[in-house]
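Just so you know, the sequences run in chain order A and B. At position 230 of the first sequence (counting the first as 1) the number is 230 in our numbering, and the numbers step up by one without a gap. Converting from the second sequence to our numbering requires adding 1000 to each position, the first position being numbered 1.
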Amino acid sequence: MSGEHTMSVEEPAPVEDSAPARFDVRDFARTAVGSHRDEIDLEAFESQPLEPASLRVLAYARELERSTMTYLRNVLVTPTHKDARVTAFLTTWAFEKFWIADAFDVIVRAHGIDPTAGPKPGRVKAFSLEVAERATPIVEAFRANSIGPDVIGLHLSSVTIDEWITEAAYSRLAELDPHPVLVALLERVQQVKARHRLFVEVDARRRLEQSPKARSLAKRALPRVALPIGAASNAASETAFFYETLVDAALASSIDDRVRALPSLGSLHLVTTARTKALSGDKGRQNSAASVARWIGRTTATLTHPLHTDSPTSPSTRKAD
Amino acid sequence: MAFDIDRYTETSQKVAWQDLDFSDFRTNPLPEGTLRSLRYMCDIEYHTVCYLRDMLVTPSHKDEDVTAFMTMWNREEFWHGEALAAVLAEHDVIVDFDELKATRLKLGWKDRLDPVKQSLLGNIVGSGFIAVHMVWGAANEWSAVAAYNRLADLEQHPVLAELLRRIAKQEARHVAFYATQARERLGKSKKAQVLARFALKNFWGPVGSGVMTDDEVKHVMGHLMGGAEGRKEAAKIDAHIAKMPGLEGLTIVQDALTARGIAA
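Next up, the structure:
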């Protein structure tokens, strides 16, 4: 890969200025972007293949974009599922991301590589994932239902930050491997993602601004979200390669600046932390057993915590919705 | 026959109605009882995401084919909601997201704990539980196909009938997915058969029961499955379910009608 070419995929711009007063979810659903297959000239890769590193990050990005159902699994057991406007958005969001994943899938396969055959999470990580997967929706349901609708602010913030990371990463990928077919696809993908942000970024900001409880929850819980979303279910080596290749320290820090500009999140360094953790590689894997133990401890704490502090029927849990 | 998931996702579309002359509803409006049933169906389609949630809390969320299907299915059902909302709008019945939210909020604690219960149960029995979800989904989709076709026959309104047939056609593809999955998974596991039989016999209710009020459920069941013809349709759905491995003799749809006092 070489980084000397001019960037042809625009860096994501903040959406506040151009955002309409209220995102039209129905219009978004009506104009959803489906399959990209017809727009991808796969034959072009025969004479001019992509760099091996590009294929590896595309295979990883495929998994990230394809992880919506796992994400929805944790989101929908919370009061977020009650908000029909949010679920209408998430329905189309998942559809569009499915086809982004599909586009990456066909490109990697056109190079004779099965994108799903890459490294899987290690045994210890797989075990901790299994434990977490079995318990996460239960914990989420108990915890979030006792918190109430403020949890929507957390969910939309995490999607916003995830979009910032992947958009920045795809811009970087287009710089590093400016294959015309890849660049054209990434441009289309960025447009799709920019529209997602029109909803999640504006709505997340609004919810955080309106509710002190949503702010404190986001501040407390965002550091526990694995970034990018979907990283937790993939091999640590691939997350490390993603950060190593596409998100350098400066880029991570610039995304963190955007996170810190969200209401009350001024003290967070989420992306830098996620990057450092991913790049610490082997050390991180050795600590997996310890992280399982920590997770169990934290889970126990959160299960008992709401019983003492948050009453599910208290008016303060409802007013911000 | 295996369900071709790639073909399904590639051909998944939002149901079209822009080519239909909806202004016809202004000159030939639908009767009150039909609008009430349509409203019910519209709400249920929009609430699909709540069912999606119940599906995802079990290990099914890790299966690539299942997640591909769920993504498209959820979106197609959302569009059925939009299409039916457009019909209702021609009758000045406006369905908006805030109102749907109010319905979901009314579900209260039972609904809040359901995914927890499902997840506990689902995880205890592991992947065998996916079979239960699949056969449950199949029963619901068979019901949907029958309901849409039946309403089209009953109403004989050309524009409505065309729309409902289009929706039913998509529902039939959902049936194909669920039924294929269910048959395969039930066929492989005696435990799954026992569990599915138990779950359907004891917990299954007509689509929408638990979300809509009993009055509404009764109205729709009576409207679409009442009388000799309606009962015949219900028996057909039961026959499909009873053909699944280990589910011989189940008559859950007819039982649900009887339990609600819907005369045959």
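Even glycine gets a Cβ: it sits at the ideal position worked out from N, Cα and C. None of the values given here were measured: they were computed from a predicted structure.
Taking a cut-off of 8 Å for Cβ pairs, the stretch 158 to 166 of chain A and the stretch 193 to 213 of chain A touch, as three or more such pairs fall below it. For the pair of segments examined, the stretch 1243 to 1252 of chain B was found to touch the stretch 1187 to 1207 of chain B: the number of CB pairs separated by less than 8 Å reaches three.
Burial state of residue 251/A is buried, judged by a 10 Å Cβ sphere holding 16 or more other Cβ atoms. Between the alpha carbons of residue 1090/B and residue 1218/B lies a distance of about 25 Å.
Per the coordinates, the alpha-carbon of residue 110/A lies some 6 Å from the alpha-carbon of residue 42/A.
Around the CB of residue 1023/B, fewer than 16 other CB atoms lie within 10 Å, so the residue is classed as exposed. Bounds of any alpha helix (DSSP H) do not take in residue 227/A, whose DSSP letter is neither H nor E. Where residue 1032/B is concerned, the enclosing alpha helix (DSSP H) starts and stops at 1032 to 1046. Judged by DSSP secondary structure, residue 1254/B falls within the alpha helix (DSSP H) whose first and last residues are 1252 to 1259.
Residue 1042/B has a beta carbon lying at 8 Å or more from every beta carbon in chain A. Rounded to the nearest angstrom, the gap between the Cα atoms of residue 189/A and residue 175/A is 15 Å. Taking C-beta atoms as the reference points, residue 153/A and residue 222/A fail to come closer than 8 Å. Bridge pairing for residue 1209/B: 1212/B [DSSP].
In the DSSP assignment, residue 97/A falls within the unbroken alpha helix (DSSP H) covering 84 to 110. A Cβ-Cβ contact shorter than 8 Å links residue 1176/B with residue 1003/B. If you look at residue 52/A, you'll find it in the alpha helix (DSSP H) that goes 52 to 65. Apart from sequence neighbours up to five positions away, the residues of its chain that approach residue 55/A with a beta-carbon distance below 7 Å are 108, 111, 113, ordered along the chain.
Not a single CB atom of chain B sits nearer than 8 Å to the CB of residue 154/A. Straight through space, the alpha carbons of residue 1186/B and residue 1254/B are spaced by roughly 23 Å. One thing to note: residue 88/A has its Cβ within 8 Å of the Cβ of residue 1097/B. According to the DSSP assignment, residue 25/A belongs to the alpha helix (DSSP H) that extends over 25 to 30. Taking residue 68/A as the centre and dropping the five residues before and after it, the same chain places the C-beta of 94, 97 closer than 6 Å to its C-beta, in chain order. Contacts with chain B (Cβ-Cβ distance below 8 Å) from the stretch 242 to 276 of chain A involve no residue at all. Against chain B, the beta carbon of residue 202/A has no neighbour under 7 Å; the closest one sits roughly 16 Å away. For the stretch 82 to 96 of chain A, the beta-carbon criterion of a distance under 8 Å to any beta-carbon of chain B is satisfied by 82, 83, 84, 85, 87, 88, 90, 91, 92, 94, 95. Look at residue 1010/B: its C-beta is under 8 Å from a C-beta on chain A. Residue 22/A carries a coil assignment under DSSP once its states are collapsed to helix, strand and coil. For residue 1142/B against residue 1240/B, the beta-carbon gap comes to about 5 Å, under 8 Å, which counts as contact.
Residue range 1158 to 1188 is occupied by the alpha helix (DSSP H) that includes residue 1170/B. With fewer than 16 neighbouring CB atoms inside 10 Å of its own CB, residue 48/A falls in the exposed class. Taking residue 1028/B as reference, the option from 1047/B, 1055/B, 1156/B, 1064/B with the minimal CA-CA separation is 1156/B. Between residue 39/A and residue 91/A, the alpha-carbon positions lie close to 24 Å from each other. Inclusion of residue 1132/B and residue 1168/B in the CB contact set at 8 Å is not warranted, their separation being larger than that value.
Pairing residue 228/A with residue 278/A, the inter-Cα distance amounts to about 11 Å.
In the three-state reduction of the DSSP assignment, residue 78/A falls in the coil class, being assigned neither a helical nor a strand state. Under the three-state reduction of DSSP output, residue 216/A falls in the helix class.
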